[in-house]
Amino acid sequence: MPINYYIFLAISLFCIGIVGVLTRRNAIIIFMCIELMLNAVNLLLVAFSKMHHLNGMAQGNPAAGTDGQLFVFFIMVVAAAEVSVGLAIIVMMYRNIHSVDVNFLNRLKH
Amino acid sequence: MGITQILFWLLSVMALFSALMVVTNKNPVYSVLWLILAFFAISGHFLMLNAQFLFIVNIIVYAGAIMVLFLFVIMLINLNKEMEPRKNIWIKFAGAVAGGCLLLVLVAALRNSELKGQVAQVKEGNIGLIKNLGMELFSTYVVPFEISSILFISAMVGAVVIGKKE
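So the sequences go chain by chain: A and B.
Read in order, the letters of the first sequence are residues 13 to 122 in this note's numbering.
Read in order, the letters of the second sequence are residues 583 to 748 in this note's numbering.
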């Protein structure tokens with residue numbers, strides 16, 4: 013597949029995630045849109061790693077492109093840690109102000 | 583048009599449509615279910631690029647663990663009607679315009695880039711197999727791997743401390 017297709021698919025997914033973050037008020041949906049953006053970046057990293065692998069094979073380097081897939085693995089690790097802490101924060105916020113609307117959080121107090 | 587291209591377009595349309603449904607759906611539970619479908623479509627892309635390790639990790643970690651966590655939290659906080667967010671059409675409009683502008687700028691910038699003739703290797707190449715990635719992970723990247731385990735421990739402790747009732 014041409015790499016352009018993957019680039020434009022990942023850009024579209026990323027921009028859908030950005031629109032979600034900017035327009036939605038529910039903290040959980042905003043969080044899900046961040047996960048969507050992370051996944052778009054993962055897809056682009058894997059596509060570039062396969063492109064780099066194909067170019068490296070032609071120059072006699074069969075291990076080219078492994079780094080990109082390991083970066084995706086580490087992004088998944090960081091995303092899992094981020095989700096656990098973020099959802100704990102959302103639950104605590106609901107316990108304090110009985111809402112998950114981010115409009116109520118714009119004064120940094122409750 | 584071969585089977586690879588048909589699969590590519592099918593998975594792309596599935597991913598984009600379910601991402602749009604995540605953003606536009608009113609009910610958070612439906613949003614989570616659409617997001618799981620989007621993750622499955624992206625996992626299908628990984629499988630098509632022969633990144634088998636990332637395919638299975640994406641399904642287990644994202645579509646399995648993280649989405650179940652989201653569903654549990656939505657179940658815990660009991661979203662009902664009276665805390666439905668206030669509607670402000672102008673903020674939505676401004677957000678959509680801002681995202682659309684970013685999309686336009688990125689597409690215009692990358693449309694004629696020097697990557698245009700490059701091709702991503704599909705359905706062959708052994709770079710994404712578990713053996714290859716595991717050897718690399720435990721030789722070159724062993725220090726970041728251990729640091730990420732410390733990150734996990736601290737995230738677990740942080741989640742317990744934050745979620746504790748004082």
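Every residue, glycine too, gets a C-beta built ideally from N, C-alpha and C.
Source: prediction; values computed, not measured.
Just to make sure I have the definition right: I need the residues of chain A whose C-beta is within less than 9 Å of the C-beta of residue i. Which are they?
| i | result |
| --- | --- |
| G584 of chain B | Neighbours of G584 of chain B on chain A: none; closest Cβ ~11 Å, over 9 Å. |
| F652 of chain B | I40, F43, M44, E47, V95, L99 |
| L636 of chain B | N54, V58, Q81, V84, F85, M88 |
| V639 of chain B | V84, F85, M88 |
From which residue to which residue does the alpha helix (DSSP H) around residue i run?
| i | result |
| --- | --- |
| P74 of chain A | Element bounds for P74 of chain A: n/a, residue is neither H nor E. |
| I23 of chain A | 15-35 |
| L631 of chain B | Where L631 of chain B is concerned, there is no enclosing alpha helix (DSSP H), given that its DSSP letter is neither H nor E. |
| S691 of chain B | For the record, residue 691 of chain B in the displayed sequence is Ala; it is not Ser. Its alpha helix (DSSP H) spans residues 671-692. |
| M603 of chain B | 585-606 |
| F652 of chain B | 649-659 |
With distance defined between alpha-carbon atoms, name the residue in the options nearest to residue i.
| i | options | result |
| --- | --- | --- |
| A633 of chain B | A:M44, A:Q81, A:P14 | A:Q81 |
| L34 of chain A | B:F675, B:N640, B:L685, B:L617 | B:F675 |
| L631 of chain B | A:V114, A:V112, A:P14, A:F26 | A:P14 |
| S736 of chain B | A:V114, A:A92, A:E47 | A:A92 |
| L565 of chain B | A:L66, A:M88, A:V95, A:I102 | Examination of residue 565 of chain B is not possible in this model, given that chain B is present from 583 through 748 alone. |
| V114 of chain A | A:N54, A:C45, A:R36 | A:R36 |
Name, please, each residue of chain B whose Cβ falls closer than 7 Å to the Cβ of residue i.
| i | result |
| --- | --- |
| I15 of chain A | L697, Q700, V701, A702 |
| V31 of chain A | V605, G677, A678, G681 |
| A93 of chain A | L733, F734, A737 |
Using a cut-off of 8 Å between C-beta atoms, extract the partners of residue i located in chain A.
| i | result |
| --- | --- |
| K713 of chain B | Within chain A, no residue comes near K713 of chain B; the closest Cβ sits about 11 Å away, beyond 8 Å. |
| A741 of chain B | S96, V97, L99, A100 |
| L617 of chain B | M44, E47, L48 |
| F745 of chain B | The residue asked about is misnamed: residue 745 of chain B is Gly in this sequence, not Phe. Simply A100, V103, M104. |
Chain B partners of residue i, CB-CB under 9 Å?
| i | result |
| --- | --- |
| V53 of chain A | What V53 of chain A touches in chain B: nothing, since even the nearest Cβ is about 11 Å away. |
| I109 of chain A | Result: empty, since nearest Cβ-Cβ is about 10 Å, beyond 9 Å. |
| L66 of chain A | Q700, V701, A702, Q703, G707 |
Below 7 Å on C-beta distance, what does residue i contact in chain A?
| i | result |
| --- | --- |
| G710 of chain B | Q81 |
For a contact meaning CB atoms closer than 8 Å, what does residue i contact in chain B?
| i | result |
| --- | --- |
| I87 of chain A | The premise fails here: I87 of chain A is roughly 10 Å from chain B at the closest Cβ pair, so nothing lies under 8 Å. |
Jot down the residue ranges of each uninterrupted alpha helix (DSSP H) in the region 694-741 of chain B, minimum 4 residues, whole runs only, in chain order.
The region 694-741 of chain B contains these whole alpha helix (DSSP H) runs: 712-719.
Contact between the region 39-50 of chain A and the region 601-610 of chain B is defined here as three or more beta-carbon pairs at a separation below 8 Å; is this criterion met?
Taking 8 Å as the limit for Cβ pairs, the verdict is that the region 601-610 of chain B does touch the region 39-50 of chain A.
Any contact of the region 19-29 of chain A with the region 52-61 of chain A, i.e. 3+ C-beta pairs under 8 Å?
In short, these stretches touch, since the Cβ pair count reaches three.
Taking three-plus beta-carbon pairs below 8 Å as touching, is the region 102-115 of chain A in contact with the region 587-594 of chain B?
Too few Cβ pairs lie closer than 8 Å, so no.
Examine the Cβ distances between the region 647-663 of chain B and the region 624-633 of chain B and report whether three or more of them are shorter than 8 Å.
No contact exists between the region 647-663 of chain B and the region 624-633 of chain B.
Ranges of the alpha helix (DSSP H) found wholly within the region 39-112 of chain A, counting only runs of at least 4:
39-70, 78-109, all fully within the region 39-112 of chain A.
Using 8 Å as the Cβ pair cut-off and three pairs as the minimum, do the region 672-688 of chain B and the region 591-598 of chain B touch?
Fewer than three beta-carbon pairs drawn from the region 672-688 of chain B and the region 591-598 of chain B are found closer than 8 Å, and the two stretches are therefore not classed as touching.
Whether or not the region 721-733 of chain B and the region 75-91 of chain A are in contact is what I'm after, with contact meaning three or more pairs of Cβ atoms, one per stretch, closer than 8 Å; do they touch?
Using a C-beta cut-off of 8 Å, the region 75-91 of chain A makes contact with the region 721-733 of chain B, since at least three inter-stretch Cβ pairs fall below that distance.
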